[in-house]
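Asker: One structure follows; several queries about it will come next.
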Amino acid sequence: MFVNENRNCCCNNDCEDEERKIDCDKKEELLQNIRCYEFAINELALYLDTHPEDKKALCLHKKYCNELKNLRDMYQKVYGPLTITYPCNKWRWLEEPWPWEGGDR
Amino acid sequence: MWTYNKMLQYPINIKCTDPKLAKVIISQYGGPDGELAASLRYLSQRFGMPDQKAKAILNDIGTEELAHLEMVGTIVHQLTKNATIEEIEKAGLSAYYTDHGVDVYPQSAAGVPFTAAYIAAKGDPIANLQEDLAADGATMMAQQLKKIIK
Chain A
803 MFVNENRNCC CNNDCEDEER KIDCDKKEEL LQNIRCYEFA INELALYLDT HPEDKKALCL
863 HKKYCNELKN LRDMYQKVYG PLTITYPCNK WRWLEEPWPW EGGDR
Chain B
357 MWTYNKMLQY PINIKCTDPK LAKVIISQYG GPDGELAASL RYLSQRFGMP DQKAKAILND
417 IGTEELAHLE MVGTIVHQLT KNATIEEIEK AGLSAYYTDH GVDVYPQSAA GVPFTAAYIA
477 AKGDPIANLQ EDLAADGATM MAQQLKKIIK
């Protein structure tokens, strides 16, 4: 599924009015990957809270955090902010549907 | 403090309206052992924990419960948002609809509004952790809901 959307990246290049196509399947795939990393990191963190000396868990946590950061940067650059701490040239927080607005799509 | 992540912890895309199902699932939102009670329980008890590990685990579990709260609210919302008056009446939700429309209101399946009386913060870490086990570990409601939802 493709939709036309006007997006800007969050650098200061003049790309605000660039017209590109969003591949919804690709977007959802990327988001699902981000969710997987978030979940794994979350559970590792809960484990590390009570087992802070576990080197293997710590190593995995660090690895996943780095991979998550790359994925989140990639997602936010193309599809807009996941948190309000992501800088944008225009207020893109309103553009994407809210997480609870599934079902119809 | 918290920062909102504009995503659900697990994606929810319910295509069929089912207010009858929403009527029981809402207990997981605002009922005695629901996610709102769970998050407030952990996040209130964390202040009194004696060491770093206990403070951390209650802080981080309480935070994750807020993500669960959002998912359950999403389920209730998607099950009811397009319901017709007939469907609402048939599901036994006329009284709910009178007060809340199809908004998601924190209440139990029996219609009791959320109350802080569902949680404990007893001034004793062991008593508090014991209460966490009873409320969150037993997952009685999950077992009972499974019997109701086919």
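Protein chains in written order, with my numbering: chain A, 803 to 907; chain B, 357 to 506. For every residue, glycine included, the Cβ atom is placed at its ideal position computed from N, Cα and C.
1. For Gln-463 (chain B), write down the residues that DSSP places opposite it in a beta bridge.
2. Classify Glu-391 (chain B) as buried or exposed, calling it buried when 16 or more other Cβ atoms lie within 10 Å of its own Cβ.
3. Quick one: is the Cβ of Cys-826 (chain A) within less than 8 Å of any heavy atom of the ligand MG?
4. Count the other CB atoms, across all protein chains shown, that sit within 10 Å of the CB of Ile-370 (chain B); report buried if there are 16 or more and exposed otherwise.
5. So what's Asp-492 (chain B) in DSSP terms, helix, strand or just coil?
6. Are the CB atoms of Ala-412 (chain B) and Asp-910 (chain A) within a distance shorter than 9 Å?
7. Compare the C-alpha of Leu-862 (chain A) against each of A:Glu-855, A:Leu-846 and A:Leu-873 and name the closest.
8. Comparing C-alpha positions only, which one of B:Gly-457, B:Leu-396, B:Leu-425 and B:Gly-418 sits nearest to Ile-368 (chain B)?
9. Using a Cβ-Cβ distance under 9 Å, would Pro-889 (chain A) count as near chain B?
10. Would you say Lys-376 (chain B) faces chain A, with C-beta separation under 9 Å as the test?
11. How many angstroms separate the CA atom of Leu-399 (chain B) from the CA atom of Ala-410 (chain B)?
12. Measure how close the beta-carbons of Thr-436 (chain B) and Pro-375 (chain B) come, nearest whole angstrom, since I'm counting them as under 8 Å.
13. Would you report the Cα separation of Lys-879 (chain A) and Met-497 (chain B), rounded to the nearest angstrom?
14. Give a yes or no on whether the minimum CB-CB distance between Glu-831 (chain A) and chain B is below 9 Å.
15. Residue range of the alpha helix (DSSP H) that Lys-513 (chain B) falls in?
16. Grouping DSSP H, G and I as helix and E and B as strand, with all else coil, what is Trp-895 (chain A)?
Answerer: Walking through what the data contain:
1. B:Pro-469
2. buried
3. Looking at this structure, you won't find the ligand MG or any other ligand, since it has none at all.
4. buried
5. helix
6. Nothing in the structure corresponds to residue 910 (chain A), since chain A is present only between 803 and 907.
7. A:Leu-846
8. B:Leu-425
9. Taking Cβ atoms only, chain B never reaches closer than 9 Å to Pro-889 (chain A), which makes this a no.
10. no
11. 12 Å
12. 5 Å
13. 42 Å
14. no
15. As shown, chain B starts at 357 and ends at 506. That puts residue 513 (chain B) outside it, with no answer to give.
16. DSSP places Trp-895 (chain A) in the helix class (H, G or I) of the three-state scheme.
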